[in-house]
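Worksheet for the structure shown next.
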Amino acid sequence: MGERVESACELHAQMSERIIEVVRGVEDPGARHRLIGEVLAENSGFVSELAGLIRESVQAMKDEQGMSYGRIAAELGLSRSRAQQLYNGTR
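Anchor point for the sequence shown: position 24 equals 167 in my numbering, and the numbering is continuous, going up by one each time.
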């Protein structure tokens, strides 16, 4: 799993650097502003998708692996109540 985490983080860093490079390359301030808005909107969708995957992971730990909220919390570095919130799909 360590290698996958490193690969995902490296890919994200590369994409982020490239996006910033492209945005900085837009000379027209209005066009740059609109592009930033589009990037932020896309990023919001990306973050929402990742949040859903976090919920799915917590639900699988509880439902498929039979872990308690306390054990999930300890394994993920969360509070017990946060693990339960994630399981229930609350923010």
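Ideal placement from N, C-alpha and C gives every residue a C-beta, glycine not left out.
- One thing to note: R175 has its Cβ within 8 Å of the Cβ of V166.
- Using a Cβ-Cβ distance cut-off of 8 Å, the segment 190-206 and the segment 147-165 are not in contact, since fewer than three pairs of beta carbons, one from each stretch, lie closer than that value.
- The beta carbons of A216 and A226 sit closer together than 8 Å.
- Boundaries of the alpha helix (DSSP H) harbouring E146: G145 to R167, taken from the DSSP string.
- For D206, the uninterrupted alpha helix (DSSP H) segment begins and ends at P172 to D206.
- Cβ-Cβ distances below 6 Å link M210 to M204 in the same chain, with the five nearest sequence neighbours on each side left out; the list follows chain order.
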